[in-house]
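> Structure below; questions to follow.
Protein chains: 4
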Amino acid sequence: MDSFDAISPLDYRYYSRDKNFELLKQFLSENARIKYQAKVEAALAKVLAKNKICSEKIANEIAKACEKVSAKEVYEEEDKIRHDVRALANKIREKVGEEAKPFVHFSSTSYDIVDTANALRFKDAAEQALLPALLEFEKTLMELALREKETVQIGRTHGQHAEPITFGFAIASYVSRLGGRIKAIQYAKENLCGKFSGAVGAYNAASLLFENPMEFEAEIMKELGLKASVSSTQIVEAEPLADLMHAIVSCFGVLANFSDDMRNLQRSEIAEIGEEFSARQVGSSTMPQKRNPINFENVKSFWKQFMPRMNTVYMDQISEHQRDLTNSASQRFLPEIFAALFLSTKRLDRVVSKMSVDKANMKKNFENSKGMLVAEPLYILLAKHGHSNAHETVRELTLKAQAEKKSLMGLAKENKELAGFLKKFSKEQLEILENPEKYVGQAVVKTKKIVEHWKKELGI
Amino acid sequence: MDSFDAISPLDYRYYSRDKNFELLKQFLSENARIKYQAKVEAALAKVLAKNKICSEKIANEIAKACEKVSAKEVYEEEDKIRHDVRALANKIREKVGEEAKPFVHFSSTSYDIVDTANALRFKDAAEQALLPALLEFEKTLMELALREKETVQIGRTHGQHAEPITFGFAIASYVSRLGGRIKAIQYAKENLCGKFSGAVGAYNAASLLFENPMEFEAEIMKELGLKASVSSTQIVEAEPLADLMHAIVSCFGVLANFSDDMRNLQRSEIAEIGEEFSARQVGSSTMPQKRNPINFENVKSFWKQFMPRMNTVYMDQISEHQRDLTNSASQRFLPEIFAALFLSTKRLDRVVSKMSVDKANMKKNFENSKGMLVAEPLYILLAKHGHSNAHETVRELTLKAQAEKKSLMGLAKENKELAGFLKKFSKEQLEILENPEKYVGQAVVKTKKIVEHWKKELGI
Amino acid sequence: MDSFDAISPLDYRYYSRDKNFELLKQFLSENARIKYQAKVEAALAKVLAKNKICSEKIANEIAKACEKVSAKEVYEEEDKIRHDVRALANKIREKVGEEAKPFVHFSSTSYDIVDTANALRFKDAAEQALLPALLEFEKTLMELALREKETVQIGRTHGQHAEPITFGFAIASYVSRLGGRIKAIQYAKENLCGKFSGAVGAYNAASLLFENPMEFEAEIMKELGLKASVSSTQIVEAEPLADLMHAIVSCFGVLANFSDDMRNLQRSEIAEIGEEFSARQVGSSTMPQKRNPINFENVKSFWKQFMPRMNTVYMDQISEHQRDLTNSASQRFLPEIFAALFLSTKRLDRVVSKMSVDKANMKKNFENSKGMLVAEPLYILLAKHGHSNAHETVRELTLKAQAEKKSLMGLAKENKELAGFLKKFSKEQLEILENPEKYVGQAVVKTKKIVEHWKKELGI
Amino acid sequence: MDSFDAISPLDYRYYSRDKNFELLKQFLSENARIKYQAKVEAALAKVLAKNKICSEKIANEIAKACEKVSAKEVYEEEDKIRHDVRALANKIREKVGEEAKPFVHFSSTSYDIVDTANALRFKDAAEQALLPALLEFEKTLMELALREKETVQIGRTHGQHAEPITFGFAIASYVSRLGGRIKAIQYAKENLCGKFSGAVGAYNAASLLFENPMEFEAEIMKELGLKASVSSTQIVEAEPLADLMHAIVSCFGVLANFSDDMRNLQRSEIAEIGEEFSARQVGSSTMPQKRNPINFENVKSFWKQFMPRMNTVYMDQISEHQRDLTNSASQRFLPEIFAALFLSTKRLDRVVSKMSVDKANMKKNFENSKGMLVAEPLYILLAKHGHSNAHETVRELTLKAQAEKKSLMGLAKENKELAGFLKKFSKEQLEILENPEKYVGQAVVKTKKIVEHWKKELGI
């Protein structure tokens, strides 16, 4: 297939053209799917030999055959017999001698292979691709947070200027949320499990062959570095994978929120940060002056495409009796979600590494609201010094300040009722009221604390 | 890209290996996307010429260049300048003389091209691929409904035997629901529209060139056979496309319901229908006797994957101010939904065309409940003949029948209170009570009516 | 129940405390549900009489009883017999004489009543509550669009200043999108249908009583002002209601987009519009100066709560065989979506009616980008006058302008290559380049056109 | 409000009429919401006193006032000032002396109260309502699994008879999946956290009052038995609550799957289990004989209503900058999901406790497929004894058996090729082939193991 005849934007546009394509395809492609299934078939043979069901020699012969199987030939066989896992078994069988043939796929049901192979490749994909990428981005965020920990920025709630923070502190909240999601993915991928309990989960066939079929299952899982399902039917219970997908999708949500924040900070009127723009890059096909936050928009757009797929994951929890096949095609799409989060993480890492912070604009925006920012500290300090209705009094004063376009502190000083209280204020307190940029609370300290916390938690 | 390095199951497994691949790729591939965009660029040139902005010769030169542009070269250009539509314009421009260059993409913004091209290809995809497939399946269902219109089947509500219908009547309800969705798709695809209103929808650039830019937009749309948006910003408003996607997704829901019904009728204990099974086909990798309803399960599974994508469509309604780009990547995935419904429709058509109906089992299942089925007609007829508490009386009688494992009519005849009423029953009425297979109401008549109704509505 | 012991925010906070509570509860409450079901039972009795199954007198007696039935007594009866519709029938039956009792609910199955009653009340809710509210808001938007049709505003794409429009034009795009959704709701509510085809849709019971049971069904529908389903099972096919819910949910999406736009325009740095703020209103419990766009935020939040419920609607399309009950509880929640859209519409209407437009800030924001805005007209005019690489030339000029902090037109005039072209520009063309606020294209004309179009379409 | 004027089915039908209403309303009602907020205000006062900001006496006065505050008065105040948390503060303030007034809500922002109170009540709701209900149902399932651990049932995959299991084993898989979800909920509720970091998360106001505001926050959390957020803005980061909602929604998925299985086992043709039916209960308003699986259908229907609300949870992860309010209204609906899962769990517990198991039908269904069930053990044993193409050979034999309506073992014995192999089979092996009901593998052992595993894990 000409790759531009492909229908999936991941295939023709994003995943295949990304420089991490070679890495990702090891886990997420159809070649990978079949490679992992063959790996499980090889582990089965090895454990059959360990249990004297077949000889070591046969197990090795099968293992070698498993390494040689290609997706292409399996698909050709499937076209004939219309069963994908049996097609795989047939192609392995073809590659071994007569004596070995009966022990290929021996005693197992398709989903012993499929679910175990999926658990393995999703675990590998998390460990070898997704988590390293997330950790790298986490480090980039940590560096940014520390670098900008003292850069005063106006905090915004409801899109309105609220109270001062620092830009590093704002970034630190993403360090923390992303850190939490990395932990969640680490936790969930450890709980993925495989199974070798046969067609209905009761080890029916295996019971004909082994004294202790559960021990047999445990040995195969040990061989592969996986947990065995506590209780499977034809398939592994859906929840461990659902937990991983939730961790992934909710991690995507953190990236989406970060992206929204960044593209809002890039608004023409705010202009506190900027995506790097290459010299040859075209911003708009008709407006030559445009510089759009296309990378942040792309991540948000990916999130919109992939987040709703959790609905599929939840619907796939339902499989009738010892299973039905209605989760088969739908689960084949799961690797796309891994790829999407990986690509978005790498994209953000790239952009944030080179992102410009416009301190002048940050200062300018802050200055614009400066006059009103003292409302909170003023009310707190009035209350602290015994004013019994401080919030309401200051609220009315701010209305007056807005109406008369005067400074709030100016009006406060003119106010007779307040005079007595203001006198009680300490030097430091007055300094904050005169210089609201000092009213950043624990922003600097907390930024450092958050970064330290997550460095320790994540071992980076 | 090796097609098994692809990540999308549509690409490596379903769409690319389907015999309708050549048809679908004309509308749904990335090649198609770019081909349609070039088609819009050509129409633009043509209308520029019509308005004397450039010469006919130039327009023809551009039109020819548009036909030659390939996705591959556009992507290579995009890699350099990082703007997809400008890349397309550049590649067209390369193929024309100096004099023509300025008129390529002239005065238009990217989304004049992108949204118009999408409207066009989605309309074509609906008209030339999706609707023909749906109509073909509709005909298959109609034939089945008419063929089996008199095959008595027990109607089931809540999985419980309820009242007799005919199998054809059961199928007719899908004839009707599918017919309704075909109409909905036909209606919605007619409302797709394009736009040529420029970067913010106010025809800013075009106003420099034309007396009546809205007329200019209308001419391009006429050239392409599309409606112009009543009101666009940088983009066409999201709703016409959302309506089409709703029609498509809700059509998928009808197929999913049909598939669930069919696979339930294929349960071992029910066994009223069967998917055809090829001689070489393997049902299970470990249970050689298995015959699984894999096609119906596949359709249900596709529905689970694609239905939730309506959430993306709804989220993509939100685009800030004159637009943001957060719908760009996500909308690139829309063709997948077209392909998924098309493939599922073709699959069902194939399976239903060869589906076996096991009339013996249908009869057997019906016979098993026969004794209880007279409960409703008995209560209705008692009430009709003046019994004032017929429902409760019969309900108690059925409990007794179940407890004593007797026939309901037997008990009714023994019952003194009812004797007087039973005497009043007409011969036909008694015949239904004795032969519940005659209690199918209007099943036969209605089946014919439904098929006729939809033949007329759909012009088939 | 103490209303603050309620669990639904609609009940304790939004719907019950709204001044339109009395209106909405007529269609959306449980009292309404039962009232409408009783209305259908009354229509049934009337048509039974028309068909001489019972006397006129009996039909009138039943109709009177139907008017008297209360939800409370039906629920008490249901507690005993555990069947809701039979409970309703019992309570009606209690209120009529012996002779009339057998004809209450006669020959009908529960869902003849339930689905027909729902179609009726949803149609009424659309016609009498939702559509009037939407039309009122549409008028408010029209007025605002016309009033502000000449107020120049910078158009924004990707959050970046793009090209000039007018604020009225920006509003007109919502006039158009909302108009489209009103039409969609009008269209969909007309297609709601009822049914009287009995327990499995084959008119089994009715066939014992009537020559032409489909005619009988048609008569009841005519009595109620509804269409009859073309093909029902125990239930009306799911699609007509799904279409209405799609129209409603996608209408909600338009309101959500509008709200996002408005709250972004209310950002401290943009400040082009403002929600009215009452004198006693508290913006923040700790920041006395805050003025938050709480109403626009509320509408967006409602959308987030209700949009995903379309997934439920789509899942409810699937009902096994002649139906299962798994759509029963879930469909009971549908009225909440009607209420949510109604309340959000009224909220927006209220806020927009009093919304302040800060023309000074609009102008200020526009002025800030003025210098760069000429990029597009400059490139268009250069191209029009024969420059063969205008877009690229101007793009480079804008980079230079940004780097050197100079005006784009200034640089253009200094540029020797461009001098020859600039000379060819007409006076009007030069005027636009010097006064970019004139570069609003068709914004004013189009605003008027859009409003006229929808006034005509909607008959307002 | 008349409770039948309510719009939420939870309010008028399910939650308010449930016998656990009194329990649930303590956590999930609006009264509870406000009660928990007042509890946080009281904890704040206590810690203020501990830090010598106010006296112990004042703290006690405030704590007492907090206990007296009612939702009703708070709503009345909110009607005036249009800010819900400030309204609460005002009503507390009203109840204390002049000296105490300034210390009510002192230094905190609304969401210090709201998010902390929510974490607390959701934790309590999980611990005191949801988890006890789930554990109770878990025990019911364990008892059923153990009781029926030896009841042979045909295992079903794809709705087709597959291999024998026991009914207890089938139930055990739900013991395990439910056990896993209970653990997930336990884990997630422990991670809920509160915050007291002020309006933008930087402890701005608190820094005016305390040496170590983070320590102050920690003290309040300790007082309430909650963790403090590692990093908050105006709000607690969304993820801990999202994790809990995922645990809850995925637990709902397990119940939905269980319900689907049970209602399928209740199908007329299968009839292996039955919901208890009360003597007065009406199954259908027109079919007096019907016994519908209404409870299992209800649980599935609830799942369809509540599962999609995870989309809202994921969308609520996105809050701009230091927060916007678009998660405010939507989060008010979260308690509904707790209630829905609680009610469904109780419902299932009730039904399963009294569920009848029809062993005769289980045996009958098993017997019907008996003849074909030996396919797998036959092929396994042939392969074990050296047959190199056993799967294919047996597959062909099953086709023959079906075509000729003969027993598979009969044909196998007649087959000359197989004769040599059959001779090698042990007595036990032959016994399984002759008595397929013995081919249940480890079903009995595994059932016991699973139950023991989860008893230990859950400490029950």
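Residue numbers (my numbering), protein chains in the order written: chain L, 1 to 460; chain Z, 461 to 920; chain A, 921 to 1380; chain Y, 1381 to 1840. All C-beta atoms in this analysis are idealised placements derived from N, C-alpha and C, irrespective of residue type, glycine included. Source: prediction; values computed, not measured.
(1) Just checking: is the beta-carbon of residue 1269 of chain A within a distance shorter than 7 Å of some beta-carbon in chain Y?
(2) Kindly list the residues whose CB is nearer than 7 Å to the CB of residue 200 of chain L, restricted to its own chain and excluding five residues on each side of it in sequence; keep chain order.
(3) Mind checking whether residue 1678 of chain Y and residue 1249 of chain A have CB atoms under 7 Å apart?
(4) Taking only three categories from DSSP, how would you classify residue 565 of chain Z?
(5) Who does residue 1540 of chain Y pair with in a DSSP beta bridge?
(6) Have a look at A:1029, A:1108, A:965 and flag the residue whose alpha-carbon is nearest the alpha-carbon of residue 1004 of chain A.
(7) Relative to the C-alpha of residue 969 of chain A, which residue among A:1306, A:993, A:982 is closest?
(8) For residue 899 of chain Z, tell me which candidate among Z:482, Z:840, Z:813, Z:599 has the shortest Cα-Cα distance.
(9) Figure out for me which residue from Z:698, Z:732, Z:517, Z:556 has the closest Cα to the Cα of residue 817 of chain Z.
(10) May I have the straight-line CA-CA distance separating residue 388 of chain L from residue 1283 of chain A, to the nearest angstrom?
(11) Could you tell me the distance, in whole angstroms, from the CA atom of residue 259 of chain L to the CA atom of residue 792 of chain Z?
(12) What's the gap between the Cα of residue 1069 of chain A and the Cα of residue 1059 of chain A?
(13) Mind listing the chain A neighbours of residue 673 of chain Z? Cutoff is C-beta to C-beta under 8 Å, in chain order.
(14) Return helix, strand or coil for residue 54 of chain L, following the three-state DSSP convention.
(15) List the whole-angstrom C-beta distance separating residue 1560 of chain Y from residue 239 of chain L, where the pair is believed to meet the contact cut-off of C-beta under 8 Å.
(16) Should the segment 1447–1467 of chain Y be called in touch with the segment 1402–1418 of chain Y, which here means at least 3 C-beta pairs below 8 Å?
(17) Does residue 1805 of chain Y have its Cβ less than 7 Å from a Cβ in chain L?
(18) Where are the alpha helix (DSSP H) runs, 4 residues long or more, that stay fully inside the segment 330–387 of chain L, in chain order?
(19) I need the straight-line Cα distance from residue 1590 of chain Y to residue 1582 of chain Y, nearest angstrom please.
(20) For residue 846 of chain Z and residue 881 of chain Z, what's the separation of their Cα atoms in angstroms?
(21) Report the rounded CA-to-CA distance for residue 557 of chain Z versus residue 682 of chain Z, giving the unit in angstroms.
(22) Three-state secondary structure (DSSP) at residue 626 of chain Z?
(23) Taking the alpha carbon of residue 1322 of chain A as the point to measure from, which residue in A:1085, A:1266, A:1289, A:1002 has its own alpha carbon closest?
(24) Where does residue 42 of chain L fall in DSSP's three states?
(25) Work out the CA separation of residue 1616 of chain Y and residue 1497 of chain Y for me, nearest whole Å.
(26) Using CA coordinates, which residue listed in Z:542, Z:548, Z:516 is at the minimum distance from residue 529 of chain Z?
(27) Please list, in chain order, the residues of the segment 976–992 of chain A that have any C-beta partner in chain Y closer than 7 Å.
(28) Could you tell me which whole alpha helix (DSSP H) segments of length 4 or greater appear in the segment 1443–1481 of chain Y?
(29) Give the straight-line distance between the Cα atoms of residue 940 of chain A and residue 1264 of chain A, rounded to the nearest whole angstrom.
(30) Just to confirm, is the Cβ distance from residue 514 of chain Z to residue 563 of chain Z under 7 Å?
(31) Helix, strand or coil for residue 714 of chain Z per DSSP?
(32) So the candidates are L:175, L:417, L:409, L:453; which of them puts its Cα closest to the Cα of residue 434 of chain L?
(33) Let me confirm a value: residue 1628 of chain Y is counted as buried when at least 16 other C-beta atoms fall within 10 Å, else exposed. Which label applies?
(34) Hey, could you find the ends of the alpha helix (DSSP H) residue 132 of chain L is sitting in?
So, to answer that:
(1) Not one chain Y Cβ lies under 7 Å of residue 1269 of chain A.
(2) Contacts found: 233, 234, 322.
(3) In this structure, residue 1678 of chain Y sits near residue 1249 of chain A, with a CB-CB distance shorter than 7 Å.
(4) In the structure shown, residue 565 of chain Z sits in coil (DSSP, three-state: anything other than H, G, I, E or B).
(5) Its beta-bridge partners are Y:1537.
(6) The shortest Cα separation from residue 1004 of chain A among A:1029, A:1108, A:965 belongs to A:1029.
(7) Per the Cα distances, A:982.
(8) The alpha carbon of residue 899 of chain Z has as its nearest neighbour, out of Z:482, Z:840, Z:813, Z:599, the alpha carbon of Z:840.
(9) The option with the nearest alpha carbon to residue 817 of chain Z is Z:732.
(10) Put simply, the backbone Cα of residue 388 of chain L is about 43 Å away from that of residue 1283 of chain A.
(11) A direct Cα-Cα distance of roughly 20 Å separates residue 259 of chain L from residue 792 of chain Z.
(12) Cα to Cα, residue 1069 of chain A sits roughly 15 Å from residue 1059 of chain A.
(13) Ordered by position in chain A, the residues that pass the 8 Å Cβ test against residue 673 of chain Z are 1361, 1362.
(14) Correct three-state label for residue 54 of chain L: coil.
(15) Contact flag correct, Cβ pair sits at about 5 Å.
(16) Result yes; three or more Cβ-Cβ pairs closer than 8 Å.
(17) False, the Cβ-Cβ gap to chain L never drops below 7 Å.
(18) The DSSP assignment places complete alpha helix (DSSP H) segments of no fewer than 4 residues inside the segment 330–387 of chain L at 334–353, 359–373, 375–384, in order along the chain.
(19) Rounded to the nearest whole angstrom, the CA to CA distance from residue 1590 of chain Y to residue 1582 of chain Y is 13 Å.
(20) Spanning the two alpha carbons is a distance of roughly 8 Å.
(21) For residue 557 of chain Z and residue 682 of chain Z, the gap between their C-alpha atoms comes out near 27 Å.
(22) Look at residue 626 of chain Z here: in three-state DSSP terms it is strand.
(23) Measuring from the Cα of residue 1322 of chain A, the nearest candidate turns out to be A:1289.
(24) Note: residue 42 of chain L maps to helix in three-state DSSP.
(25) Taking the Cα positions, residue 1497 of chain Y is about 11 Å away from residue 1616 of chain Y.
(26) The closest CA to that of residue 529 of chain Z, considering only Z:542, Z:548, Z:516, is found on Z:548.
(27) So the list reads 991, 992, given in the order they occur along the chain.
(28) Counting only runs of 4 or more, we get 1451–1461, 1464–1474.
(29) Each residue's Cα considered, the two are about 12 Å apart.
(30) Annotated as proximal: residue 514 of chain Z and residue 563 of chain Z, with beta-carbon spacing under 7 Å.
(31) Note: residue 714 of chain Z maps to helix in three-state DSSP.
(32) Taking residue 434 of chain L as reference, the option from L:175, L:417, L:409, L:453 with the minimal CA-CA separation is L:409.
(33) Taking all protein chains in view, the Cβ of residue 1628 of chain Y is crowded by 16 or more other Cβ atoms within 10 Å, so the residue is classified as buried.
(34) DSSP places residue 132 of chain L inside the alpha helix (DSSP H), whose first and last residues are 131–147.
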